[in-house]
Amino acid sequence: MAEFLVIVESPAKAKTIERYLGKKYKVKASMGHVRDLPKSQMGVDIENGFDPKYITIRGKGPVMKELKAAAKKAKKVYLAADPDREGEAIAWHLAHTLDVDCDSDCRVVFNEITKDAIKESFKHPRPINMDLVDAQQARRVLDRLVGYNISPLLWKKVKKGLSAGRVQSVAVRLIIDREKEIQEFVPEEYWTIGGSFTKGKDTFEAYFYGIGGEKRELHSDQDVKEVLSGVRGDLFSVSAVTKKERRRNPAAPFTTSSLQQEAARKLNFRAKKTMMLAQQLYEGIDLGKEGTVGLITYMRTDSTRVSEVAQTEAKEYISSVYGENFLKEEAGKEKKQPKAQDAHEAVRPTSAFRDPGSLKEFLSRDQLRLYKLIWDRFIASQMAQAIMDTMSVDLVNGDVTFRATGSKIRFPGFMKLYVEGTDDQVEDTDRMLPDLKEGDEVNKTDIEPKQHFTQPPPRYTEARLVKTLEELGIGRPSTYAPTLDTIQKRGYVGLDNKRFIPTELGEIVNELTLEFFPEILDVEFTAKMEQDLDDVEDGKKAWVKIISEFYEGFEKRLEVAEKEMQEVEIKDEPAGEDCENCGSPMVFKMGRFGKFMACSNFPDCRNTKAIVKDIGVTCPKCEKGRVIERKSKKRRIFYGCDRFPECDFLSWDKPLPRNCPKCDHVLIEKKLKKGVQVQCSNCDYKEEQQS
4 MAEFLVIVES PAKAKTIERY LGKKYKVKAS MGHVRDLPKS QMGVDIENGF
54 DPKYITIRGK GPVMKELKAA AKKAKKVYLA ADPDREGEAI AWHLAHTLDV
104 DCDSDCRVVF NEITKDAIKE SFKHPRPINM DLVDAQQARR VLDRLVGYNI
154 SPLLWKKVKK GLSAGRVQSV AVRLIIDREK EIQEFVPEEY WTIGGSFTKG
204 KDTFEAYFYG IGGEKRELHS DQDVKEVLSG VRGDLFSVSA VTKKERRRNP
254 AAPFTTSSLQ QEAARKLNFR AKKTMMLAQQ LYEGIDLGKE GTVGLITYMR
304 TDSTRVSEVA QTEAKEYISS VYGENFLKEE AGKEKKQPKA QDAHEAVRPT
354 SAFRDPGSLK EFLSRDQLRL YKLIWDRFIA SQMAQAIMDT MSVDLVNGDV
404 TFRATGSKIR FPGFMKLYVE GTDDQVEDTD RMLPDLKEGD EVNKTDIEPK
454 QHFTQPPPRY TEARLVKTLE ELGIGRPSTY APTLDTIQKR GYVGLDNKRF
504 IPTELGEIVN ELTLEFFPEI LDVEFTAKME QDLDDVEDGK KAWVKIISEF
554 YEGFEKRLEV AEKEMQEVEI KDEPAGEDCE NCGSPMVFKM GRFGKFMACS
604 NFPDCRNTKA IVKDIGVTCP KCEKGRVIER KSKKRRIFYG CDRFPECDFL
654 SWDKPLPRNC PKCDHVLIEK KLKKGVQVQC SNCDYKEEQQ S
């Protein structure tokens with residue numbers, strides 16, 4: 004019979020850990036939280052120091068009965084929930100329910116689920132950290148006070164099912180403010196002048212730089228004409244050649260935030276999906292003969308710190324596969340982010356020697372893609388700098404100066420394995436120039452002026468929004484994915500081409516919240532509250548005092564809002580067609596998966612229809628129907644003929660209303676990682692890539 008009971012959160016972890024600990028240990032799962040505030044009421048005694056009233060979560064009765072029975076038989080109970088505030092709170096709730104002394108050495112924490120890490124952690128059990136518990140309680144009580152006070156107001160004044168929260172409200176405000184910036188943006192004209200030049204057999208490009216050696220901006224067609232009038236003949240003289248060495252450092256290993264951002268950029272994963280897959284990799288995967296093994300370290304962290312053991316293992320791998328010249332010159336200390344809690348390590352593989360190729364047969368496609376991203380990033384972070392040779396050449400004709408730049412990789416370093424993605428289209432500058440020196444002459448073969456207009460700031464993608472929230476100090480690693488999920492489910496924002504756009508409902512709720520509860524939407528206020536919670540975790544502040552200071556002003560605003568907030572009627576938008584069942588007008592409504600059409604005679608008529616978007620293209624297959632935009636069961640956009648099933652034309656790529664000038668087949672828009680490529684559906688014709 005087992006002498007020791009170990010309680011973790013999930014059955015997957017329980018199975019793995021029990022195998023590592025041996026027969027004396029029985030490992031059971033609590034299935035997450037076992038106690039929480041009641042859903043049906045506030046659950047916070049405001050009059051008595053904001054005392055939370057916890058109850059056993061509905062449905063957890065059988066689990067608790069099983070855990071209590073096992074605890075009575077055990078010589079000692081170890082609480083091994085996740086190594087963060089939430090995990091500490093789960094351990095505290097379990098201790099209270101199972102009559103475990105919180106001051107005893109009952110708490111065990113580990114950052115990775117590997118045999119060595121688990122065995123080492125059980126050598127150093129500790130009491131429950133009440134500062135961590137209090138920080139979690141403070142967040143839970145604070146969010147309950149905000150949500151359970153503002154949400155009923157919104158139900159009464161706007162519509163049922165709405166909610167407000169500290170982090171989600173700020174996220175919605177950021178999206179709305181960005182939309183206003185875009186709408187108010189006034190584009191400004193500017194021009195560039197590109198030229199093609201030759202030196203012997205070599206051809207290269209250069210761009211207008213300035214007049215008389217001074218940089219000059221081109222704002223109009225007149226400016227361009229002035230420049231071109233100063234160019235005499237086709238010969239340009241090389242007036243300056245600058246050669247430099249540029250070194251590029253690898254990106255640090257992943258934090259939760261940077262993992263979500265990079266998975267969005269490179270794998271097209273939503274934050275929610277990234278965290279779900281990371282949880283699976285952390286808890287353990289069955290590797291056949293090796294058994295179930297945790298493949299990555301804990302995935303909720305804002306630290307880029309890496310243990311010396313992991314660094315040493317990475318060095319051994321890099322040295323054996325790439326050679327010693329690819330090793331980092333100095334391990335050095337990772338730069339800690341100002342707001343990072345640094346509670347545990349960066350997200351990294353539990354073993355550098357477990358490369359992605361060796362795991363193909365054990366992981367699903369998406370698990371493997373995410374694991375490879377994490378593994379590549381970690382190994383690259385321990386590799387040498389990349390060394391680039393850069394060259395800049397000034398070409399002069401009269402007073403007019405053109406400048407050509409080029410670069411080549413002398414030593415790839417970490418870039419041989421991995422290069423961090425970006426949110427923006429970056430022009431490829433890795434091109435070489437011919438060997439030029441001062442006094443050389445080159446021939447101009449062509450000069451082409453181009454008109455441009457400045458672009459408004461881009462809408463937020465999930466990656467951009469997560470990055471912005473992190474930079475502003477809003478929320479913490481565990482909050483980003485659920486926050487983005489919530490604001491979409493509530494119908495406050497939608498997605499257009501994977502970018503957030505606010506809905507009318509989102510704008511109404513934002514406006515009301517801003518008018519009556521400005522501090523909830525104030526970025527600085529919310530960031531300060533996060534810092535206060537960190538101070539509670541560090542034992543610097545009492546959580547009750549923080550809540551009390553907040554509620555003093557919040558309560559007064561609630562009283563004003565109850566009296567003065569006006570009811571808002573959200574009228575259904577006419578769809579412009581009648582119901583085929585009863586003849587009443589159809590209207591647009593917002594559902595869980597976005598807008599749809601419904602009969603205005605509801606509930607007498609329950610007719611609904613998906614919104615069909617005609618993209619203005621005749622079906623290229625039957626040449627009779629129209630191509631319409633559709634959505635798959637997984638919400639992925641595709642294109643098909645409106646005469647389906649008579650015509651079975653389908654395409655993941657968007658057809659365009661013009662044909663290929665080369666073979667007369669339909670052109671399509673191919674979405675790439677960076678922008679859109681217009682190309683032929685039949686031949687090799689391609690147009691310039693758009694960002």
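Just so you know, we're using this note's numbering here: the sequence shown kicks off at 4 and counts up by one. Virtual Cβ for every residue (Gly too), placed ideally from N, Cα, C. Keep in mind that this is a model prediction, so the values were computed, not measured.
_Only counting the same chain, and skipping five residues up and downstream in sequence, which positions put a Cβ closer than 6 Å to that of E690?_
Residue numbering aside, residue 690 sits at position 687 when the sequence shown is read from its first letter. Closer than 6 Å at Cβ, skipping near neighbours: V681.
_Closest by C-alpha distance to G25, when choosing among L515, V9, L398, V144_ = Indexing the sequence shown from 1 puts residue 25 at position 22. Comparing Cα positions, the closest option is V9.
_Between which two residues does the beta strand (DSSP E) holding E194 run?_
Position 191 of the sequence shown holds residue 194. The amino acid at residue 194 is misidentified as Glu; the sequence shows Trp. Segment 192-202, the beta strand (DSSP E) holding W194.
*Can you tell me whether DSSP reads H127 as helix, strand or coil?*
Residue 127 sits at position 124 when you count from the first residue of the sequence shown. Three-state DSSP puts H127 in coil, outside helix and strand.
_Segments assigned beta strand (DSSP E), at least 3 residues, entirely inside the region 563-596_ = Taken in chain order, the complete beta strand (DSSP E) segments of 3 residues or longer contained in the region 563-596 are 576-581, 588-594.
*asked:* Can you tell me whether F503 is buried or exposed? The criterion is at least 16 other CB atoms within 10 Å of its CB, across all chains shown.
replied: The residue labelled residue 503 in the question sits at position 500 within the sequence shown. Label assigned to F503: buried.
_Bridge partners for T295 per DSSP, in chain order?_
By 1-based counting over the sequence shown, the position of residue 295 is 292. DSSP lists D289 as partners of T295.
_Using C-beta distances below 8 Å, list every residue in its chain close to K339, excluding the 5 sequence neighbours before and after it, in chain order._
Counting from one through the sequence shown, the residue named residue 339 turns up at place 336. Bear in mind that the predicted position of K339 carries a pLDDT of just 49, short of 50, making it too unreliable to give a figure here.
*Report all residues from its chain with a CB closer than 6 Å to the CB of C663; omit the five preceding and five following residues, and keep chain order.*
The residue given as residue 663 occupies position 660 in the sequence shown. Within the same chain, and ignoring the five residues on either side of C663 in sequence, the residues whose Cβ sits closer than 6 Å to its Cβ are L670, C683, Y688.
_Whole-angstrom distance between S354 and G366, CA atom to CA atom_ = As a working note, residue 366 is residue 363 in the sequence shown. As a working note, residue 354 is residue 351 in the sequence shown. Position check: residue 366 holds Leu in this sequence, whereas Gly was assumed. Roughly 16 Å separates the two Cα atoms.
*When burial is assigned at 16 or more other CB atoms within 10 Å of the CB, is G297 buried or exposed?*
Residue numbering aside, residue 297 sits at position 294 when the sequence shown is read from its first letter. Buried, since its Cβ has 16 or more Cβ neighbours within 10 Å.
*Considering only C-alpha positions, which residue in the set E89, T404, R147 is nearest to V230?*
Taking the sequence shown and counting its residues from 1, one reaches residue 230 at position 227. Among E89, T404, R147, the Cα nearest to that of V230 is on T404.
*For E632, write down the residues that DSSP places opposite it in a beta bridge.*
Numbered from its first residue, the sequence shown carries residue 632 at position 629. Answer by DSSP bridge pairing, in chain order: K616, Y642.
*May I ask you to report which of helix, strand or coil DSSP gives L439?*
As a position in the sequence shown, residue 439 is number 436, starting the count at 1. Here L439 carries a coil assignment [DSSP, helix/strand/coil].
*Is it the case that the Cβ atoms of D645 and R661 are separated by a distance below 9 Å?*
Here residue 645 is taken as the residue at index 642 of the sequence shown, counted from 1. Here residue 661 is taken as the residue at index 658 of the sequence shown, counted from 1. No.
*Buried/exposed call for H455, threshold 16 Cβ in 10 Å*: Here residue 455 refers to the residue found at position 452 of the sequence shown. Its Cβ having fewer than 16 others within 10 Å, H455 is exposed.
_Does T611 come out as helix, strand or coil in the three-state DSSP assignment?_
For the purposes of this step, residue 611 is taken as residue 608 along the sequence shown, with counting starting at 1. T611 falls in the strand class under three-state DSSP.
*Going by DSSP, name the residue or residues bridged to L653.*
Here the question's residue 653 lines up with position 650 in the sequence shown. Assignment of beta-bridge partners to L653 by DSSP yields G643.
*So what does DSSP say about P648, is it helix, strand or coil?*
Against the sequence shown, residue 648 aligns to sequence position 645. If DSSP states are grouped into helix, strand and coil, P648 belongs with coil.
_Given this structure, state the Cα-to-Cα distance separating D329 from V620, to the nearest angstrom._
Taking the first residue of the sequence shown as position 1, residue 329 is located at position 326. Taking the first residue of the sequence shown as position 1, residue 620 is located at position 617. According to the sequence as given, residue 329 is Phe; it is not Asp. F329 and V620 have their alpha carbons spaced roughly 53 Å apart.
_Separation of A255 from E430, as counted between CA atoms_ = Within the sequence shown, the letter at position 427 stands for residue 430. Within the sequence shown, the letter at position 252 stands for residue 255. Legend: pLDDT at E430 = 45, less than 50; position of this residue unreliable, no value from coordinates given.
_What does the alpha-carbon distance come out to for the pair Y193 and D226?_
Start at 1 with the first residue of the sequence shown, and residue 193 comes out as number 190. Start at 1 with the first residue of the sequence shown, and residue 226 comes out as number 223. One alpha carbon belongs to Y193, the other to D226, and they sit about 10 Å apart.
*Looking only at C-alpha atoms, which of T457, M386, L487 sits nearest to P505?*
As a working mapping, residue 505 is identified with position 502 in the sequence shown. The shortest C-alpha separation from P505 is found at L487.
_So, for K78: in the same chain, excluding its five sequence neighbours on each side, which residues have a beta-carbon less than 7 Å away from its beta-carbon?_
The residue labelled residue 78 in the question sits at position 75 within the sequence shown. Cβ neighbours of K78 beyond the five flanking positions: E6, F7.
*Taking F520 as part of the beta strand (DSSP E), name the residues at either end of that continuous run.*
If you number the sequence shown from 1, residue 520 lands on position 517. Segment: none, F520 is in no beta strand (DSSP E) and carries neither H nor E.
*asked:* For C602, list the residues DSSP reports as bridge partners.
replied: In the sequence shown, residue 602 corresponds to position 599, counting from 1. Beta-bridge partners assigned by DSSP to C602: M589.
*By Cβ distance below 8 Å, which residues in the same chain neighbour C650 in space, the five residues on each side in sequence not counted?*
Taking the sequence shown and counting its residues from 1, the one referred to as residue 650 is at position 647. Within the same chain, C622, K624, C625, K627, G628, C644 come within 8 Å of C650 by CB-CB distance, once the 5 residues on both sides are set aside.
*Any contact of the region 121-130 with the region 104-112, i.e. 3+ C-beta pairs under 8 Å?*
Judged by Cβ distances under 8 Å, the region 121-130 makes contact with the region 104-112, as three or more pairs qualify.
_Taking its Cβ as the centre, do 16 or more other Cβ atoms sit within 10 Å of S13, making it buried, or is it exposed?_
As a working mapping, residue 13 is identified with position 10 in the sequence shown. By the neighbour-count rule (16 or more Cβ atoms within 10 Å), S13 is buried.
*With DSSP collapsed to three states, give me the class of R314.*
Along the sequence shown, read from residue 1 onward, the residue named residue 314 stands at position 311. Before going further, note that residue 314 is Gln rather than Arg in the sequence given. Three-state DSSP puts Q314 in a helix.
*asked:* Please state whether the Cβ-Cβ distance between E248 and R413 is less than 9 Å.
replied: Your numbering for residue 248 matches position 245 in the sequence shown. Your numbering for residue 413 matches position 410 in the sequence shown. Yes. Within cutoff.
_Span of the beta strand (DSSP E) around S43_ = Mapped onto the sequence shown, residue 43 falls at position 40. No beta strand (DSSP E) holds S43; DSSP gives it neither H nor E.
*So, do the region 441-452 and the region 184-204 have three or more beta carbon pairs nearer to each other than 8 Å?*
Yes, the region 441-452 touches the region 184-204.
*Considering F528, what are the terminal residues of the beta strand (DSSP E) in which it resides?*
Taking the first residue of the sequence shown as position 1, residue 528 is located at position 525. For F528, no beta strand (DSSP E) segment is defined; the enclosing uninterrupted segment is the alpha helix (DSSP H) at 526-540.
*With DSSP collapsed to three states, give me the class of P415.*
By one-based count along the sequence shown, residue 415 stands at place 412. Reduced to three states, the DSSP call for P415 is coil.
*Looking at C-alpha atoms only, which residue of K318, D499, G542, W546 is the closest neighbour of R639?*
In the sequence shown, residue 639 corresponds to position 636, counting from 1. Each of K318, D499, G542, W546 was checked against the Cα of R639, and the nearest Cα belongs to D499.
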